[in-house]
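Quick notes on the structure that follows.
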Amino acid sequence: MPHQKRAILILLCFYSYLDSDRPIVCCFSYTARTLPRIFVTDYYETSSLCSKPAVVFLTRKGRQVCADPSLPWVNEYVNDLELN
1 MPHQKRAILI
11 LLCFYSYLDS
21 DRPIVCCFSY
31 TARTLPRIFV
41 TDYYETSSLC
51 SKPAVVFLTR
61 KGRQVCADPS
71 LPWVNEYVND
81 LELN
């Protein structure tokens, strides 16, 4: 039994090491304005480890804009991006 625990611990450490090169992006505030849809090229959702859920929109100019996922326009953009 102790060998199994040690093996699991080693695997967990290994996986956390592999994941450590990716920073966790969190949003601490949301945009107050609706972004023009034509400016948005992609999106991703923030990690569940973040204190505030958010959708991050990527713009044509390479900017990242945090948006409230409960807003209708945010859901509309996400659905539109998923279909394209």
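Everything in the sequence shown is counted per full-length UniProt numbering, starting at 1 for the first residue and increasing by one.
Idealized CB from N, CA, C, for every residue including glycine.
Alpha helix (DSSP H) containing residue i: first to last residue?
{"i": "Leu-81", "result": "72-83"}
Among the options, which residue has its Cα nearest to the Cα of residue i?
{"i": "Phe-28", "options": "Ala-67, Phe-39, Gln-4, Thr-41", "result": "Ala-67"}
{"i": "Glu-76", "options": "Tyr-30, Val-65, Thr-34", "result": "Thr-34"}
My guess is that residue i and residue j are in contact by the Cβ rule of under 8 Å, so how many angstroms apart are they, rounded?
{"i": "Val-40", "j": "Val-55", "result": "About 10 Å; that fails the 8 Å criterion."}
{"i": "Asp-42", "j": "Leu-83", "result": "That belief does not hold up - the Cβ atoms of Asp-42 and Leu-83 are roughly 13 Å apart, past 8 Å."}
Between which two residues does the beta strand (DSSP E) harbouring residue i extend?
{"i": "Tyr-43", "result": "40-45"}
{"i": "Ala-54", "result": "No beta strand (DSSP E) contains Ala-54, which DSSP labels as neither H nor E."}
{"i": "Val-25", "result": "Looking at the DSSP string, Val-25 is not in any beta strand (DSSP E), and its letter there is neither H nor E."}
{"i": "Ala-67", "result": "64-67"}
Between which residues of its own chain and residue i is the CB-CB distance below 8 Å, once the five residues before and five after are set aside?
{"i": "Cys-26", "result": "Thr-46, Ser-47, Leu-49, Cys-50, Ser-51, Lys-52, Ala-54"}
{"i": "Gln-4", "result": "none"}
Can you list, in chain order, the residues of its chain whose CB lies under 7 Å from that of residue i, leaving out five sequence neighbours each side?
{"i": "Gln-64", "result": "Val-56, Leu-58"}
{"i": "Arg-60", "result": "Phe-39, Thr-41"}
Only counting the same chain, and skipping five residues up and downstream in sequence, which positions put a Cβ closer than 6 Å to that of residue i?
{"i": "Tyr-44", "result": "Val-56"}
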